[in-house]
Amino acid sequence: MKHLIGFLLLPIMLICQNNNSYTFSEPIIVNNNPDLGLSRPQIITQNNGNPLIMWTSIDEKKIYVSRYVNGEFNEPLLISTPDLTFYGNQNYGPEIDSNDDYIAIVLHNSIDNQNNIYVIYSTNNGESFSDPIKIIEEEAMIEGAGIKIDPNNRIILTYETLTDDGEVKQMVGFGEFTLLDPGINFTNFTIANLNTEGVPCECCLGDIAYSNDNVVFTYRNNIDNIRNMYACTYNNEKQIFNAGFSIDNYNQSLSVCPTEGPRSLILNNYLFTTFKSYAYSPARINVSMYDFINEGFQAQSTVDWGEGFGVQSLPKIANNNSHIAVVWKEFRYYNIDVFISILNSYEPNGSNLEFTESNSISSSEPNSQQAEDFINVDICGYDNYFHITYLDYNNRVIYYRTYFQENINNSFEYNTIKTKVKTIDLLGRDSQNKGFNIDIYNDGSIEKKYIIHK
Numbered sequence: 040m041k042h043l044i045g046f047l048l049l050p051i052m053l054i055c056q057n058n059n060s061y062t063f064s065e066p067i068i069v070n071n072n073p074d075l076g077l078s079r080p081q082i083i084t085q086n087n088g089n090p091l092i093m094w095t096s097i098d099e100k101k102i103y104v105s106r107y108v109n110g111e112f113n114e115p116l117l118i119s120t121p122d123l124t125f126y127g128n129q130n131y132g133p134e135i136d137s138n139d140d141y142i143a144i145v146l147h148n149s150i151d152n153q154n155n156i157y158v159i160y161s162t163n164n165g166e167s168f169s170d171p172i173k174i175i176e177e178e179a180m181i182e183g184a185g186i187k188i189d190p191n192n193r194i195i196l197t198y199e200t201l202t203d204d205g206e207v208k209q210m211v212g213f214g215e216f217t218l219l220d221p222g223i224n225f226t227n228f229t230i231a232n233l234n235t236e237g238v239p240c241e242c243c244l245g246d247i248a249y250s251n252d253n254v255v256f257t258y259r260n261n262i263d264n265i266r267n268m269y270a271c272t273y274n275n276e277k278q279i280f281n282a283g284f285s286i287d288n289y290n291q292s293l294s295v296c297p298t299e300g301p302r303s304l305i306l307n308n309y310l311f312t313t314f315k316s317y318a319y320s321p322a323r324i325n326v327s328m329y330d331f332i333n334e335g336f337q338a339q340s341t342v343d344w345g346e347g348f349g350v351q352s353l354p355k356i357a358n359n360n361s362h363i364a365v366v367w368k369e370f371r372y373y374n375i376d377v378f379i380s381i382l383n384s385y386e387p388n389g390s391n392l393e394f395t396e397s398n399s400i401s402s403s404e405p406n407s408q409q410a411e412d413f414i415n416v417d418i419c420g421y422d423n424y425f426h427i428t429y430l431d432y433n434n435r436v437i438y439y440r441t442y443f444q445e446n447i448n449n450s451f452e453y454n455t456i457k458t459k460v461k462t463i464d465l466l467g468r469d470s471q472n473k474g475f476n477i478d479i480y481n482d483g484s485i486e487k488k489y490i491i492h493k
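Quick note on our numbering: the sequence shown kicks off at 40 and runs consecutively.
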C-alpha cells in the first residue's frame, strides 16, 4: 500500500542532516520447509500494514504466498496451477506489487515456441488469488517482466523482448481491474524506448516508477557499448514515452550485457534510481537523483564502500514516511550477505547523496569465516517502518524483520493496530462506491484514493 504522506515528509530529509538511528526488530521465520522451494522471497504490505511474502519453488515451478496474521506467518498458500511453468532462478522470476486491497503478480514462460506473460491477482488483500491469466503472447523471446499498481489501482506491466535478429524492445502496458471476466484488462502496450537513441541492454529488465504526476520507465541503455541508465517519461496526452535521458554519469563501456537493470521510485518530483555500476571493479551499488521540475540531473553516489567489500548486486529501493533505504547482496569478506543503508542527507544543487554506513540485515558477524550465506533480499516501506525479507541459503530459511527509528514506538504492534474506521466520499457521506473516497483511521490519519470499480 502506498501512502501519500511520504511525498510531504521527504523534502525535510532532502535539505538537512537527519539524526536518524535505525534498528532491527528480532527476525521472524516466514518458512523453513525445504519442500516448498524457498527461492527468491519478495515482500509487499497489505492495506493494514501487515507483510505478505511471496516465494517460488524453482524446480517444481510453484508460487507460494504467506501472510502475517495474529503474530505469525500463516500456512503458505499455493497460488500457481499444476500446468503452469515459469522462468525463475535465485536472482530473477515472478514479481509482485500491491495497493489497497489489490495484489498483482507477473510471470513469463515459453511453450511451443510461444513466449507468454501471465498475471495472477487478488482483490481481497491476499486471502485468495485468481488463476493465471495470459496477457501477452509473443514470438520474440521475453527476457523478463515486471508489474506495479499505482495509487489509482492502475496496473502497469513491463516486459522486454529480443528477436532472432537482435532487436530489443522494452514494452509497457496499462491495465485495470474490472468486474468482467477475467477480472483484468490491458490496453495501450507501447515501446518505451521507441524515441530514445540506443538499444536497451538485451537481458536487463527495466523498472516503472510513478507519482500522481509522472510515470517513468528506467532501464539500462546501450549506445556504442556505453551502457548507462536511462529514463523515459510517459506522455499521457499522446500515450507514448518521450525521448529518454541519462540518469547515470559513469559512461560505462561494457562489451557484454551486465544482466542487471535499475530500480526506481519518485518522491516529491525527484526520481531516485539505484543500480549496479560497472564503472570500477568490483561492481558497486549506486543511487542517482533527477529533478523533474528543473529537468536536471542532480547527484549520484556510491551507497557504501570500504576495504574488504566485494561485488555488490541486485539492489532494491524503497521509502517509508521519512527516509529512503537501499538493500543489496554482496560478497563481503568471506561470505555472501545482504545489507541496508539509509539516505541520510542531500545538499540542494550538490553532487553527492550521503548514505549511512551499511548494516548487515542478517546481523552476521563481520569478517567471519563461519557466517551463513544470505543471497536474496527485498524491501518495502509502510508508515515509519521498512519491511524486509531475506533468505538464509545454507539452512533454507526465509526470514522477515523490520528496520525502524528508535525514537518512535519500536514495537511491531504499532504497525498492526492501525485500523480503518470508515470510508466517506467528498461530501462526507458513507461510501464504498467507485470514484473518490476518503478512508479514516483510528489514529486520526486519512487516505484519499480513487476507486476504478467496486
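Don't be surprised by glycine CBs; every beta carbon is placed ideally from N, CA and C.
Since the model is a prediction, treat every value here as computed from it, not as a measurement.
Residue burial classification, residue i (beta-carbon count within 10 angstroms, cutoff 16)
{"i": "Val108", "result": "exposed"}
{"i": "Glu199", "result": "buried"}
{"i": "Asn28", "result": "Lying outside 40 to 493, the shown extent of the chain, residue 28 is not represented and no answer is given."}
{"i": "Ser250", "result": "buried"}
{"i": "Thr120", "result": "exposed"}
{"i": "Ser316", "result": "buried"}
{"i": "Ile332", "result": "exposed"}
{"i": "Asn154", "result": "buried"}
{"i": "Pro133", "result": "buried"}
{"i": "Pro171", "result": "buried"}
{"i": "Asp136", "result": "buried"}
{"i": "Thr124", "result": "exposed"}
{"i": "Ser407", "result": "exposed"}
{"i": "Ser512", "result": "In the structure as shown, the chain starts at 40 and stops at 493, and residue 512 therefore has no counterpart that could be examined."}
{"i": "Glu182", "result": "buried"}
{"i": "Thr395", "result": "buried"}
{"i": "Gly76", "result": "buried"}
{"i": "Ser60", "result": "exposed"}
{"i": "Asp246", "result": "buried"}
Three-way DSSP call (helix, strand, coil) for residue i in this model
{"i": "Pro73", "result": "helix"}
{"i": "Gln351", "result": "strand"}
{"i": "Val145", "result": "strand"}
{"i": "Gly420", "result": "strand"}
{"i": "Ala282", "result": "coil"}
{"i": "Arg440", "result": "strand"}
{"i": "Trp367", "result": "strand"}
{"i": "Asn191", "result": "coil"}
{"i": "Gly335", "result": "strand"}
{"i": "Leu430", "result": "strand"}
{"i": "Ala163", "result": "The residue asked about is misnamed: residue 163 is Asn in this sequence, not Ala. Of the three classes helix, strand and coil, the one that applies to Asn163 here is coil, per DSSP."}
{"i": "Phe129", "result": "The sequence given here places Gln at residue 129; Phe does not occur at that position. Coil, per DSSP."}
{"i": "Arg323", "result": "strand"}
{"i": "Ser340", "result": "strand"}
{"i": "Ser316", "result": "strand"}
{"i": "Leu196", "result": "strand"}
{"i": "Ile150", "result": "strand"}
{"i": "Gln11", "result": "Any question about residue 11 goes unanswered here, given that the chain covers just 40 to 493."}
{"i": "Ala184", "result": "strand"}
{"i": "Phe378", "result": "strand"}
{"i": "Ser64", "result": "coil"}
{"i": "Asp478", "result": "strand"}
{"i": "Ser403", "result": "coil"}
{"i": "Leu218", "result": "coil"}
{"i": "Ser384", "result": "strand"}
For residue j and residue i, believed in contact at Cβ under 8 Å, the rounded distance
{"i": "Val94", "j": "Arg79", "result": "The question names Val, yet the displayed sequence has Trp at residue 94. With a Cβ gap of about 6 Å, Trp94 and Arg79 count as contacting."}
{"i": "Gly205", "j": "Thr197", "result": "About 20 Å separates the two Cβ atoms, so there is no contact after all."}
{"i": "Val377", "j": "Ser401", "result": "6 Å"}
{"i": "Tyr426", "j": "Ile82", "result": "Inspection of the sequence shows that residue 426 is occupied by His rather than by Tyr. That pair is a contact at about 6 Å."}
{"i": "Tyr141", "j": "Asn71", "result": "About 30 Å; that fails the 8 Å criterion."}
{"i": "Asn526", "j": "Asn423", "result": "The structure shown does not extend to residue 526, since the chain spans only 40 to 493, so no value can be given for it."}
{"i": "Asn148", "j": "Tyr126", "result": "6 Å"}
{"i": "Leu116", "j": "Tyr103", "result": "7 Å"}
{"i": "Ile223", "j": "Ile194", "result": "7 Å"}
Residue i: CB within 7 Å of a non-hydrogen atom of the ligand NAD
{"i": "Ile82", "result": "As presented, the structure is devoid of all ligands, the ligand NAD included, so that no description of it is given."}
**Study point:** contact_flag[the segment 393-412, the segment 421-440] where n(CB pairs < 8 Å) is 3 or more
**Key:** yes
Practice item. Tell me the start and end of each unbroken alpha helix (DSSP H) in the segment 75-120 that is at least 4 residues and wholly inside, in chain order. Key: none
Practice item. Please determine if the segment 301-321 and the segment 360-380 are in contact, where contact requires at least 3 C-beta pairs separated by less than 8 Å. Key: yes
**Study point:** Touch test, the segment 272-287 against the segment 341-361, Cβ-Cβ under 8 Å, three pairs minimum
**Key:** no
Check your understanding: Contact between the segment 293-308 and the segment 213-225: three or more CB pairs below 8 Å?
Key -> no
Exercise for review: Could you tell me whether the segment 155-171 touches the segment 227-237, using the rule of 3 or more Cβ pairs below 8 Å?
Suggested key: no
Check your understanding: Where are the beta strand (DSSP E) runs, 3 residues long or more, that stay fully inside the segment 225-284, in chain order?
Key -> 246-249, 254-261, 268-274
Exercise for review: Mind listing, in chain order, the continuous beta strand (DSSP E) runs of no fewer than 3 residues lying wholly within the segment 283-310?
Suggested key: 302-306
Review point. At a cut of 8 Å, does the segment 297-306 reach the segment 337-347 through at least three beta carbon pairs?
Key: no
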